[in-house]
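To start, the structure under review is shown below, and the notes come after it.
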Amino acid sequence: MNVVDSSGWLEFFSGTEIGKRFVPLIQKKEELIVPTVTIYEVFKKTAQVSEEDALKAVALMNTGTVVDLSQELAINAALLSHEHHLPMADAMILATAQAFDAVLWTLDEHFKGIEGVKWFEK
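Yeah, the sequence shown ends on 361 if you go by our numbering, and it's all consecutive.
This is the structure:
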């Protein structure tokens, strides 16, 4: 199972060279876990340019397994935030990945060195 961090989705939707690294992960829809907070972050950023493109991005993200933030995930995210000094959204994404025993793929340096995270350098 795989979770693509918001940074990866944004690069993917921008069509950048680094975004192309995420294509194989996104194409394996049966293995793709999508935390709702990534939908929030991607929609927010993409809608600044085009709400239509933001809706298309969300539609593609919904082809994976979308996971809502439950009470259990929220508590685990709070613990991870404290342990790893992560911002709230990053902790929620990590907690979701861990709940599904998924690899978290990211460009975000906040995650560097955390077990279960694969970090792509920009």
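Idealized CB from N, CA, C, for every residue including glycine.
To the nearest angstrom, report how far apart residue i and residue j are at their CA atoms.
{"i": "Q319", "j": "D347", "result": "The question names Gln, but residue 319 in the sequence shown is Leu. One C-alpha to the other measures close to 16 angstroms."}
{"i": "A313", "j": "G355", "result": "19 angstroms"}
{"i": "A317", "j": "G247", "result": "23 angstroms"}
{"i": "I353", "j": "H324", "result": "11 angstroms"}
{"i": "D292", "j": "T285", "result": "7 angstroms"}
{"i": "K361", "j": "T304", "result": "27 angstroms"}
{"i": "Q266", "j": "E322", "result": "32 angstroms"}
{"i": "K283", "j": "L264", "result": "22 angstroms"}
{"i": "K268", "j": "V297", "result": "14 angstroms"}
Pull the bridge partners of residue i from the DSSP assignment, please.
{"i": "N343", "result": "It should be noted that the sequence gives Leu, not Asn, for residue 343. L343 is bridged to V242, V356."}
{"i": "V288", "result": "Beta-bridge pairing links V288 to no other residue."}
{"i": "L271", "result": "N241"}
Excluding the 5 residues preceding and the 5 following residue i in the sequence, name in chain order all residues of the same chain whose CB lies nearer than 6 angstroms to its CB.
{"i": "S245", "result": "T277, E280, V281"}
{"i": "D329", "result": "H349"}
{"i": "A341", "result": "M240, N241, V242, I272"}
In its own chain, which residues sit with a C-beta less than 8 angstroms from the C-beta of residue i, not counting the 5 before and 5 after it?
{"i": "M327", "result": "A316, S320"}
{"i": "V306", "result": "I272, V273, P274, T275, L312, T335, A338, F339"}
{"i": "V262", "result": "F251"}
Helix, strand or coil for residue i, going by three-state DSSP, please let me know.
{"i": "L308", "result": "coil"}
{"i": "H323", "result": "helix"}
{"i": "G247", "result": "helix"}
{"i": "N301", "result": "coil"}
{"i": "K259", "result": "helix"}
{"i": "K283", "result": "helix"}
{"i": "K351", "result": "coil"}
{"i": "K361", "result": "coil"}
Using the beta-carbon count (16 or more within 10 Å), is residue i buried or exposed?
{"i": "V243", "result": "buried"}
{"i": "G254", "result": "exposed"}
If you drop the 5 nearest sequence neighbours on each side, which residues of the same chain put their C-beta closer than 7 angstroms to that of residue i?
{"i": "W358", "result": "T345, F350, K351"}
{"i": "G260", "result": "For the sequence presented, residue 260 should be read as Arg rather than Gly. Cβ within range, chain order: F359."}
Determine, for residue i, whether the minimum Cβ-Cβ distance to residues of chain B falls below 8 angstroms.
{"i": "G258", "result": "Absent from the structure: chain B. Only one protein chain is present."}
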